[in-house]
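Participant:
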Amino acid sequence: MTLPHRDAGPLPGPLLPGYPLSGTTEAPPNWPVDDMPAARPDWRERLALGADLALIGIAVTALALPVVTAPAALATGSAAVRTRYAGGRLPTWRPLLRQYRRGVLPGLPALLAAAVLLIDLVAVRGGWVPGGPVLLGITAVVTAWLAGVAALTLVALGRDPELPWRTAAGWAWDHPKAATVLALIGVIAFFLVLAVPVTLPLMVGFHLFAVHLLSDRLAPA
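The sequence shown stops at residue 1451 when you use the numbering used here, and every number in between is there.
#1: Using CA atoms only, rank isn't needed, just tell me which of ALA1374, GLY1357 and PRO1301 is closest to LEU1342.
#2: Please report the Cβ distance between VAL1298 and LEU1326, rounded to the nearest whole angstrom; I am assuming they are in contact, meaning their Cβ atoms lie under 8 Å.
#3: Just the Cα atoms here: how many angstroms apart are ALA1398 and PRO1406?
#4: On a CA-only basis, which of GLY1307, THR1291 and VAL1346 is nearest PRO1391? Give me that one, please.
#5: CB ALA1419 to CB ALA1409, shorter than 9 Å?
#6: Given this structure, state the Cα-to-Cα distance separating ALA1386 from LEU1393, to the nearest angstrom.
#7: The alpha helix (DSSP H) spanning VAL1290 covers which residue range?
#8: Would you call the CB atoms of LEU1438 and VAL1290 closer than 9 Å?
#9: Go through the stretch 1367–1400 residue by residue and report every complete run of the alpha helix (DSSP H) that reaches 4 residues or more, in order.
#10: Inspect the beta-carbon positions of LEU1347 and LEU1365 and report whether they are closer than 9 Å.
#11: Between which residues of its own chain and ARG1319 is the CB-CB distance below 8 Å, once the five residues before and five after are set aside?
#12: I need the straight-line Cα distance from THR1383 to ALA1281, nearest angstrom please.
#13: Quick one: give me the first and last residue of the alpha helix (DSSP H) that GLY1318 is part of.
#14: Taking the alpha-carbon of LEU1453 as reference, which of LEU1448, GLY1356, ARG1447 and PHE1436 has the nearest alpha-carbon?
#15: So ALA1449 is in the alpha helix (DSSP H); what residue range does that whole segment cover?
#16: Can you list, in chain order, the residues of its chain whose CB lies under 8 Å from that of GLY1333, leaving out five sequence neighbours each side?
#17: Below 8 Å on the Cβ atoms is my contact criterion, and I expect GLY1416 with ALA1381 to pass it. Report the Cβ-Cβ distance as a whole number of Å.
#18: Rounded C-beta distance between LEU1412 and GLY1378? I'm assuming under 8 Å.
#19: Within 10 Å of its beta-carbon, does ALA1449 have 16 or more other beta-carbons around it, so buried, or fewer, so exposed?
Here it is as structure tokens:
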């Protein structure tokens, strides 16, 4: 004797959550996908970057030896570091030489201001003017902060070599937070060079690289 067939109808749902029954069409679960980690440069790329920064620092030091060309040499070095930092290669020497020649005259006021601040520091420290340690501390802080503004001005000139120096200085003045951070970095670099003066040519290139790296985070273009 056979039992009559009974149609139980469709089951109320899938046996397990997330797994559809056979014969049904259901979109697959949308699982989150982790982003692939960015490729990091290996030791050869880091070594090449260090060698290029050292080469830039030596060239800037040589171009700044006449003293009156120091601001132009630093601006040119900033442009070279920017190209190496952003493009992964050193720039050709012709545009750098053109920027160097063009920046000698605009850099003279900056050189004069640096000389005045240096003479002021020496005078206060030597007791030639009244004020004592308090005035010396205030003068040192102001000098360091203005050095941060100058470093940020070099960043602007490195980003756009055609930018007028006065416009670059005005942009740097409008970013006091970034200038303060660069001032602190400059103080650290100053004492490192003071401890080992022979590292000055190398420190120039690495310091310019550091100020560009920090400025992209604190004062993006």
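Here a beta-carbon is modelled for each residue, glycine too, at the ideal position from N, C-alpha and C.
Facilitator: Well, looking at it:
#1: For the purposes of this step, residue 1342 is taken as the residue at position 112 of the sequence shown. Residue PRO1301 is the option with its Cα nearest to LEU1342.
#2: Translated into the one-based positions of the sequence shown, residue 1298 becomes position 68. Translated into the one-based positions of the sequence shown, residue 1326 becomes position 96. Not quite, the Cβ-Cβ distance comes to about 18 Å (not below 8 Å), so this is no contact.
#3: Position 168 of the sequence shown holds residue 1398. Position 176 of the sequence shown holds residue 1406. Counting only the Cα atoms, PRO1406 lies some 14 Å from ALA1398.
#4: For this step, residue 1391 is matched to residue 161 along the sequence shown. Of the candidates GLY1307, THR1291 and VAL1346, the one whose C-alpha sits nearest the C-alpha of PRO1391 is GLY1307.
#5: The count along the sequence shown starts at 1 and reaches residue 1419 at position 189. The count along the sequence shown starts at 1 and reaches residue 1409 at position 179. Not a contact, by the Cβ cut-off of 9 Å.
#6: Here residue 1386 corresponds to residue number 156 of the sequence shown, with the count starting at 1. Here residue 1393 corresponds to residue number 163 of the sequence shown, with the count starting at 1. If you take the alpha carbons of ALA1386 and LEU1393, they lie about 8 Å apart.
#7: The count along the sequence shown starts at 1 and reaches residue 1290 at position 60. For VAL1290, the enclosing alpha helix (DSSP H) begins and ends at 1273–1293.
#8: The count along the sequence shown starts at 1 and reaches residue 1438 at position 208. The count along the sequence shown starts at 1 and reaches residue 1290 at position 60. The answer is yes: Cβ separation under 9 Å.
#9: Whole alpha helix (DSSP H) segments, 4+ residues: zero.
#10: Within the sequence shown, numbered from 1, the residue matching residue 1347 stands at position 117. Within the sequence shown, numbered from 1, the residue matching residue 1365 stands at position 135. Inclusion of LEU1347 and LEU1365 in the CB contact set at 9 Å is not warranted, their separation being larger than that value.
#11: Walking along the sequence shown from the start, residue 1319 turns up at place 89. Cβ neighbours of ARG1319 beyond the five flanking positions: THR1313.
#12: Along the sequence shown, read from residue 1 onward, the residue named residue 1383 stands at position 153. Along the sequence shown, read from residue 1 onward, the residue named residue 1281 stands at position 51. Cα to Cα, the separation comes out at about 25 Å.
#13: Counted from its first residue, the sequence shown places residue 1318 at position 88. Premise fails: GLY1318 is in no alpha helix (DSSP H) and is neither H nor E.
#14: The shown model of the chain, from 1231 to 1451, leaves out residue 1453, and the question about it has no answer.
#15: The residue you call residue 1449 lines up with position 219 of the sequence shown. No alpha helix (DSSP H) holds ALA1449; DSSP gives it neither H nor E.
#16: Residue 1333 sits at position 103 when you count from the first residue of the sequence shown. The answer, listed in chain order, is PRO1301, ALA1302, ALA1305, THR1306, LEU1387 and TRP1395.
#17: What you label residue 1416 is simply residue 186 of the sequence shown in a count that begins at 1. What you label residue 1381 is simply residue 151 of the sequence shown in a count that begins at 1. Contact holds; Cβ gap of about 6 Å.
#18: Numbered from 1 along the sequence shown, position 182 holds the residue referred to as residue 1412. Numbered from 1 along the sequence shown, position 148 holds the residue referred to as residue 1378. The Cβ separation is near 4 Å, so the contact holds.
#19: Locating residue 1449 in the sequence shown gives position 219, where the first residue counts as 1. By the 10 Å Cβ count, ALA1449 comes out buried.
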